[in-house]
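Mapping of the sequence shown onto the numbering used here: residues 114 to 563, in sequence order.
Backbone N, C-alpha and C fix where the C-beta goes; we use that ideal spot for every residue, glycine too.
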Amino acid sequence: MRILLLTHYYYPEVGAPQRRWRILVDHLRAAGHQVITVAPHPHYPYPDRDRFFDSQVGRGRRRVDLRLRGTWDAGVEGERILRVPYLRSGSSMTRQMLDQAVSATGAMSIVLDRLRGSSKPDVVVSTTPALPYLLAGDTLSRILRVPHVAEVRDAWPDLISEMNLVTSAVGKYLPRKFTSSVEHALLPDLLTRAQRRAAVVVVTTEGFKRRLEDRGVTAEVVRSGVSPAELAGASGLTATGAIPVVSSSFDKPSESTTPNRAEARSGLNLLYVGTVGRSQDLGTSIRALARTEGVRLRIVGDGVDTAALKAAAAENDVPVEFFAQHAGAELAAHWEWADAGLVSLSPLESYECTVPSKLYSLMARRIPVLGVVAGEAADIITSTAAGEVADPGDIDSIAAAMTTMRVRIESGAEFGTNSSAEEPREWVIRHASAATMGHDYERILRGVVA
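Structure (structure tokens):
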């Protein structure tokens, strides 16, 4: 089977989408399928590829040649990568949306130029969170007359209106009535029609599958898979969905602030690793710290909310440390410090149909979870006794959960040992392992091509 993957985020970038497809490509290649990936030159989360390759994660990796037309590159799993142009982006939502639109348009043009006739794929797979790629996959599948498998990792298009994405991006340039119409009607309708035309929409939760099916969309669940290395306990916990960023003066935790987890039984050391943005709503957890005692928070990562979070920590005079993102041994040192991991989402209705992939990573490694989540993610934590759950956006609820977890940690209580619950690691192996993800995806692709 010749599989064409359209994605804005890919190796050698590091993050949840990149990691998911590195695992899937490895599985598909091993099963004898040919994979051609169409993706921009690596640059996320930086404005351009030069900053990416100068960053901690990009340093030492091979640069691919940059030309206006497509450039072939070799992937680490044996796939061929067709690199397409991108737009110099930045932290603003407007620039990121334009970057994604430019790359998606370039992907369509280059695919039609390079992969027609005898080179035509058997199936086109598009993957979000870059929404223009859903439309690019829909268009290419109709032109090439091949099935389209649309992967929608989060609750799109619902999040467009819930997060006021259009108004946030261009509201200062356009009337509110217009931007509201675009984000509540025009874009959701456009994307829903593309989802209905797809042979299958792949989602990551049962809740969102049911929501799409109510709209007449054919949907299948393929959860984000935990890699064999994570299940084997490899160091670094790099698969939490976090995205390495440029290092800072806080790069390495000092010995005085990095005690061994076994010795840290006075209070609670809570670690968040990942993207620091609106979706995570870490500001509420920082404010909750002011209502607790003995809880210390460390945030490893970067994003658009970093400056605001530092200001909130100073304003509330709470113990929060900020570090640039790490991988490998440096990140492992942070986990040695930690007693528990924080998984957090903002209080949007659609996030009840979202399960962050970092939750599976923590469960696989038997690291207690403080989940500021609702819906399906909260149900998983509760049913497996993997940790404590708090209501997103509720400072009192989060503070209470922090206090409860601190007491349990100080008392040496075990997590995931409830006799009536499935053990967290076993749940992950059964429902969210790399093997399960790979087999489920291959079954779906074979089904649409047959």
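Nearest CA to the CA of residue i: which residue from the options?
i, options, result
"Ser463", "Glu449, Glu333, Trp269, Gly407", "Trp269"
"Leu422", "Gln393, Glu406, Arg404", "Gln393"
"Arg201", "Leu195, Gly191, Asp212, Thr207", "Asp212"
"Arg132", "Ser474, Gly488, Ser293, Trp448", "Ser474"
"Ala143", "Arg227, Gly191, Ala152", "Gly191"
"Glu333", "Leu228, Lys322, Glu343, Gly250", "Lys322"
"Pro505", "Ala345, Leu395, Pro301, Pro260", "Leu395"
"Thr150", "Leu228, Val468, Arg306", "Leu228"
"Pro481", "Glu406, Gln438, Ile494, Ser232", "Ile494"
"Val561", "Ser216, Tyr246, Val238", "Val238"
"Gly250", "Val313, Gly525, Tyr199", "Val313"
"Arg135", "His156, Val189, Val433", "Val189"
"Asp507", "Arg258, Leu195, Ser398", "Ser398"
"Arg411", "His447, Arg162, Thr318, Glu443", "His447"
"Leu225", "Ala243, Arg255, Ile557, Tyr199", "Arg255"
"Ala453", "Gln438, Leu483, Ala424, Pro432", "Leu483"
In its own chain, which residues sit with a C-beta less than 7 Å from the C-beta of residue i, not counting the 5 before and 5 after it?
i, result
"Gly529", "Arg479, Thr497, Ala498, Ala499, Glu536, Pro537"
"Val408", "Gly380, Leu381, Leu383, Leu402, Met515, Arg519"
"His271", "Per the sequence shown, residue 271 should be read as Asp rather than His. Same-chain partners within the cutoff: Ser463."
"Ala477", "Val339, Glu343, Leu344, Arg538, Val541"
"His146", "Met114, Ile116"
Which partner residues of residue i appear in the DSSP bridge assignment?
i, result
"Val236", "Ile116"
"Pro153", "Val197"
"Ile511", "Answer is none; Ile511 lacks a bridge partner."
"Ser457", "Val485"
"Leu303", "For Leu303, which the question treats as bridged, DSSP gives no partner whatsoever."
"Gln308", "Paired residue(s): none; Gln308 is not in a bridge."
Report the rounded CA-to-CA distance for residue i versus residue j, giving the unit in angstroms.
i, j, result
"Gly387", "Arg309", "32 Å"
"Val154", "Arg193", "For the sequence presented, residue 154 should be read as His rather than Val. Those two C-alpha atoms are separated by around 13 Å."
"Tyr286", "Val295", "14 Å"
"Val265", "Thr467", "11 Å"
"Phe60", "Thr207", "With the chain covering 114 to 563 only, the question about residue 60 has no answer from this structure."
"Val335", "Asp430", "42 Å"
"Glu501", "Val485", "9 Å"
"Arg196", "Thr317", "27 Å"
"Tyr199", "Leu118", "17 Å"
"Arg559", "Leu325", "22 Å"
"Thr517", "Glu527", "13 Å"
Output the boundary residues of the alpha helix (DSSP H) element that contains residue i.
i, result
"Ser216", "206 to 227"
"Gly525", "Looking at the DSSP string, Gly525 is not in any alpha helix (DSSP H), and its letter there is neither H nor E."
"Leu247", "245 to 257"
"Glu539", "537 to 544"
"Tyr473", "470 to 477"
"Tyr554", "547 to 562"
"Leu383", "Leu383 -> not in any alpha helix (DSSP H); beta strand (DSSP E) instead, spanning 381 to 386."
"Glu326", "319 to 326"
"Ala427", "419 to 429"
Could you tell me the boundaries of the beta strand (DSSP E) in which residue i lies?
i, result
"Thr184", "184 to 187"
"Arg404", "From DSSP, Arg404 is part of no beta strand (DSSP E); its letter is neither H nor E."
"Glu434", "433 to 436"
Take residue i and list the residues in its own chain whose beta-carbon comes closer than 6 Å to its own, dropping the five residues that flank it on each side.
i, result
"Ala217", "Pro245, Tyr246, Ala249"
"Ala503", "Val485, Ser510, Ile511, Ala514"
Is the Cβ of residue i closer than 8 Å to any Cβ of chain B?
i, result
"Leu257", "No chain B is present in this structure, which holds just one protein chain."
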